[in-house]
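1 is the number of the first residue of the sequence shown in the UniProt record's numbering; add one for each residue after it. Note sheet for the following structure.
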Amino acid sequence: MSGQQERAEQQREERSASASPPSRFVLGLDVGSTVIRCHVYDQTARVRGSSAQKVENVYPQPGWVEIDPDSLWAQFVAVIKDAVKAAGVQMKQIVGLGISTQRATFITWNKKTGHHFHNFISWQDLRAAELVKSWNNSLIMKLLHGTTRVLHFFSRSKVMLTVSRFNFSTQHATLRLTWILQNLSEVKRAVEEDNCCFGTIDTWLLYKLTKGSSYATDYSNASTTGFFDPYAMRWSRLITTMVSIPLSILPPVKDTSYNFGSVDEKIFGVPIPVVALVGDQQSAMFGECCFETGDVKLTMGTGTFLDINTGKNLQHVNGGFYPLIGWKIGQELVCLAEGNAGDTGTAIMWAQKLDLFTDAAETEKMALSLEDSEGVYFVPSFSGLQAPLNDPCACASFMGLKHSTNKYHLVRAILESIAFRNKQLYDMLQREIQIPVTNIRADGGVCNNAFVMQMTSDLINEKIDRPAHFDMSCLGAASLAGLAVGFWADKEELQKLRQSEMVFKPQKKWQEYEVNMENWVKAVKRSMNWYNKT
């Protein structure tokens, strides 16, 4: 081929390239408890650009945990702009946006002006602990449990069985919202004037993105508030009536993968469709491709969340695991059962603040440099103890300290406590959920710690698959958004794109840990009921 022919061929290729449509991308956002993160994904599910900012919690009183909504909104917009810039693409190439959020963190605002009445009240907030305690011990709850037990005996209704085991929790939004309605006169007045909107973070962000034209949540987020009826698939009239939450302040509930509206053009210059809202744990489950009944996800982030896919049926549970909606896409409904521990990453971050190490990555080597923790045990209970112990008044503590104890022992004890809590949750899952476990997949920042991963695998005597990338909540939100706009064809295509980095297999028998775990359980029991009031 002559030089002239080569130049002509090159010009044809350039014209062809310029005529071809620009590449398309989807955004996956995760508004977590510690970090707000945005990834730009291409059609191979590869991250083309990222941005993250630390979520700043506000602690106005001991036990109270809040987030400034104005700061969160500014960070949310900034991470989107920064991620798209880092990817080297233009906003007009973004075909869909999916948002995963921490769940049961809520806010209320003025329906007419859009002005919020207070900060976000975090799922970690304990201001309603006394309300929770008094309600769970109340005559009304005793009558409710007794009546529904009798009704279940005669009817064998799963709904009656679930209600007979229902208890309030500080992690659900129910009694924190009741506290707001009782204590903030501005909110009370707005409710009386039918001028109050309630929303979890997803609802509020959607409202802000669309400049108030869209007000909704999805089934996964609604089911984690504590006042949604997953059997009837609507807000629970029973619970809202019991605790005086008016149904008029609650948003409509839509599918998880759904066209919620478009971002107002003034924000990013183009109207990007918002096509997925999802709770962070359900999103991680979707991102891990835990699509089959019996698939289990172990997320170790701020807290630990153990979820199992229970198929299209809700599992009636004994009060440890909680039945949730995983996602709803058209006619497809997937249910989950979930158990959690409140302090995982928070315990490691706390130790870092005490200068026990400079980088969390060091903790693995520190733990492995010792044969054991020399009888030192840590109780990870900064926000109380969740199931199976359910004690919001428990304290965090070290026990078994000696003159010879050094920071290596303390760090190892913290990591061991995470694995022991994982064992507690897994044993509870085995007791309560009558579904064989098929796969266990881990995610979250702490799953990067091989010491915790290996010890957990040993304790539960199961293989645990760690993915190549840990930001599963972002990927899940992007996947749901991508399916909504045809970016990906179906879940089978998503499964083919999933990448596993390592599979941890049991190397020691459970019996080798038995004495240590018994001592840790003893330490946990001594930390319970420490505070008179949370």
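Here a beta-carbon is modelled for each residue, glycine too, at the ideal position from N, C-alpha and C. Note that the structure is a prediction, hence the values are computed from the model and not measured.
Original post:
Leaving out five residues before and five after Val503 in sequence, what residues of the same chain have Cβ atoms less than 8 angstroms from its Cβ?
Top reply: Your numbering for residue 503 matches position 503 in the sequence shown. Closer than 8 angstroms at Cβ, skipping near neighbours: Lys463, Ile464, Asp465, Arg466.
Subject >> Buried or exposed by the 16-neighbour rule on C-beta atoms within 10 Å, applied to Ala74 >> reply: On the sequence shown, position 74 is the one that residue 74 refers to. Classification of Ala74: exposed, given that the 10 Å Cβ count is below 16.
Subject >> Secondary structure of Tyr500, DSSP reduced to three states >> reply: In the sequence shown, residue 500 corresponds to position 500, counting from 1. Before going further, note that residue 500 is Ser rather than Tyr in the sequence given. Ser500 falls in the strand class under three-state DSSP.
**OP:** Thinking Asn309 and Asp295 are a contact (beta carbons under 8 angstroms), I'd like their distance in whole angstroms, please.
**Re:** Position 309 of the sequence shown, counted from the first residue, corresponds to residue 309. Position 295 of the sequence shown, counted from the first residue, corresponds to residue 295. Contact holds; Cβ gap of about 5 angstroms.
Original post:
Does the distance from the CB of Asp224 to the CB of Gly279 come in under 8 angstroms?
Top reply: Along the sequence shown, read from residue 1 onward, the residue named residue 224 stands at position 224. Along the sequence shown, read from residue 1 onward, the residue named residue 279 stands at position 279. First, the residue type needs correcting, since residue 224 is Thr and not Asp in the sequence shown. Cβ distance < 8 angstroms, so Thr224 and Gly279 count as in contact.
**OP:** Go ahead and pull the three-state DSSP assignment for Val411.
**Re:** As a position in the sequence shown, residue 411 is number 411, starting the count at 1. Reduced to three states, the DSSP call for Val411 is helix.
Original post:
Counting along the chain, where does the alpha helix (DSSP H) carrying Arg526 start and finish?
Top reply: On the sequence shown, position 526 is the one that residue 526 refers to. Counting along the chain, the alpha helix (DSSP H) containing Arg526 begins and ends at 514-527.
Original post:
For Ile464, which beta-bridge partners are listed by DSSP?
Top reply: As a first step, residue 464 is located in the sequence shown; it is residue number 464 there, counting from the start. According to DSSP, Ile464 bridges with Phe504.
Original post:
Between Ala19 and the rest of its own chain, which residues show a CB-CB distance below 8 angstroms, the 5 nearest in sequence each way excluded?
Top reply: Locating residue 19 in the sequence shown gives position 19, counting from the first residue. Below a pLDDT of 50, predicted positions are generally treated as unreliable, and Ala19, at 42, falls in that range; no measurement from the model is reported.
Subject >> beta strand (DSSP E) segments (min. 3 residues) lying fully within the region 230-315 >> reply: 257-262, 273-279, 295-300, 304-311
Subject >> the region 422-439 in contact with the region 378-385 per 3-pair CB rule at 8 angstroms >> reply: no
Original post:
Mapping DSSP to helix, strand and coil, what is residue 555?
Top reply: Examination of residue 555 is not possible in this model, given that the chain is present from 1 through 534 alone.
Original post:
Nearest to Trp109 by alpha carbon, out of Arg189, Val40, Gln43, Val79?
Top reply: On the sequence shown, residue 109 is found 109 positions in, with the first residue counted as 1. That would be Arg189, whose Cα lies nearest to the Cα of Trp109.
Original post:
Which one of Tyr219, Thr34, Leu97, Val65 has the shortest CA to CA distance from Ile107?
Top reply: Along the sequence shown, read from residue 1 onward, the residue named residue 107 stands at position 107. Nearest of Tyr219, Thr34, Leu97, Val65 to Ile107, Cα basis: Val65.
Original post:
Under a three-way DSSP split, which group does Thr210 fall into?
Top reply: Start at 1 with the first residue of the sequence shown, and residue 210 comes out as number 210. Note: Thr210 maps to coil in three-state DSSP.
**OP:** Taking the CB atoms as reference points, tell me whether Val84 and Arg24 lie closer together than 8 angstroms.
**Re:** Against the sequence shown, residue 84 aligns to sequence position 84. Against the sequence shown, residue 24 aligns to sequence position 24. Their beta carbons are not under 8 angstroms apart, which means Val84 does not touch Arg24 by this criterion.
**OP:** Could you name the residues that DSSP lists as bridge partners for Lys328?
**Re:** Stepping through the sequence shown from its first residue, residue 328 is reached at position 328. Bridge partners of Lys328: Leu333.
Original post:
Around the C-beta of Ile140, are 16 or more other C-beta atoms found within 10 angstroms, so that it is buried, or is it exposed?
Top reply: Here residue 140 corresponds to residue number 140 of the sequence shown, with the count starting at 1. Classification of Ile140: exposed, given that the 10 Å Cβ count is below 16.
Subject >> Residue of Gly98, Trp350, Gly342, Asn448 minimising C-alpha distance to Glu209 >> reply: Here residue 209 refers to the residue found at position 209 of the sequence shown. The question names Glu, but residue 209 is Leu in the sequence shown. Nearest of Gly98, Trp350, Gly342, Asn448 to Leu209, Cα basis: Gly98.
Original post:
Between the Cα of Gln454 and the Cα atoms of Trp179, Ala367, Trp488, Val191, which residue gives the shortest distance?
Top reply: Along the sequence shown, one-based indexing puts residue 454 at 454. Cα-wise, what sits closest to Gln454 is Ala367.
Original post:
Apart from the five residues just before and just after Ile272, which ones in its own chain have a Cβ nearer than 6 angstroms to its Cβ?
Top reply: Position 272 of the sequence shown, counted from the first residue, corresponds to residue 272. Ile94, Leu97, Val263.
**OP:** Give the single residue among Gln124, Ser138, Val437, Ser164 whose Cα lies nearest to the Cα of Thr170.
**Re:** Numbered from its first residue, the sequence shown carries residue 170 at position 170. When only C-alpha atoms are compared, the closest one is Gln124.
**OP:** Would you identify the three-state DSSP class for Ser479, choosing helix, strand or coil?
**Re:** Sequence index remark: in the sequence shown, residue 479 carries index 479 (1-based). In the structure shown, Ser479 sits in a helix (DSSP, three-state: H, G or I).
Original post:
Lys254 to Leu238, Cα distance in whole Å?
Top reply: For the purposes of this step, residue 254 is taken as the residue at position 254 of the sequence shown. For the purposes of this step, residue 238 is taken as the residue at position 238 of the sequence shown. Rounded to whole angstroms, Lys254 to Leu238 spans 21 angstroms at the Cα level.
Original post:
Would you call the region 175-191 and the region 118-134 in contact, with 3 or more CB pairs under 8 angstroms?
Top reply: yes
Original post:
Can you round the beta-carbon distance between Ala523 and Val334 to whole angstroms, since I take them to be within the 8 angstroms contact cut?
Top reply: What you label residue 523 is simply residue 523 of the sequence shown in a count that begins at 1. What you label residue 334 is simply residue 334 of the sequence shown in a count that begins at 1. Between Val334 and Ala523 the Cβ distance is about 38 angstroms, and since that is not below 8 angstroms, they are no contact.
Original post:
In three-state terms, what does DSSP make of Thr456?
Top reply: Looking up residue 456 in the sequence shown gives position 456. Helix at Thr456.
**OP:** Give a yes or no on contact between the region 355-364 and the region 391-401, applying the rule of three or more CB pairs nearer than 8 angstroms.
**Re:** no
**OP:** Report all residues from its chain with a CB closer than 8 angstroms to the CB of Trp345; omit the five preceding and five following residues, and keep chain order.
**Re:** Locating residue 345 in the sequence shown gives position 345, counting from the first residue. Checking the sequence, you will find Gly at residue 345 rather than Trp. Closer than 8 angstroms at the Cβ level, and outside the excluded window around Gly345, lie Thr34, Met300, Gly301, Thr302, Gly303, Gly444, Gly445, Val446.
**OP:** Let me know if Val26 comes out buried or exposed under the rule of 16 or more other beta-carbons within 10 Å of its beta-carbon.
**Re:** The residue you call residue 26 lines up with position 26 of the sequence shown. With 16 or more other Cβ atoms within 10 Å, it is buried.
Subject >> Assigned secondary structure, Val493 (DSSP; H/G/I helix, E/B strand, else coil) >> reply: As a working note, residue 493 is residue 493 in the sequence shown. Strictly speaking, residue 493 in this sequence is Glu, with Val absent from that position. Glu493: helix per DSSP, three-state reduction.
**OP:** Work out the CA separation of Val274 and Ile433 for me, nearest whole Å.
**Re:** As a position in the sequence shown, residue 433 is number 433, starting the count at 1. As a position in the sequence shown, residue 274 is number 274, starting the count at 1. Their Cα atoms are separated by approximately 35 angstroms.
**OP:** Give me whichever residues DSSP pairs with Met399 in a beta bridge.
**Re:** What you label residue 399 is simply residue 399 of the sequence shown in a count that begins at 1. Tyr377.
**OP:** Express the C-alpha separation of Asp391 and Lys528 in angstroms, rounding to a whole number.
**Re:** Locating residue 528 in the sequence shown gives position 528, counting from the first residue. Locating residue 391 in the sequence shown gives position 391, counting from the first residue. Note that residue 528 is Met in the sequence shown here, rather than Lys. Going from the Cα of Met528 to the Cα of Asp391 covers about 7 angstroms.
Subject >> Integer Cβ distance of residue 535 from Leu480, believed to fall under 8 angstroms >> reply: Residue 535 lies beyond the range of the chain shown here (1 to 534); nothing can be said about it.
Original post:
According to DSSP, which residues form a beta bridge with Arg37?
Top reply: Stepping through the sequence shown from its first residue, residue 37 is reached at position 37. In DSSP, Arg37 forms a bridge with Asp30, Ala52.
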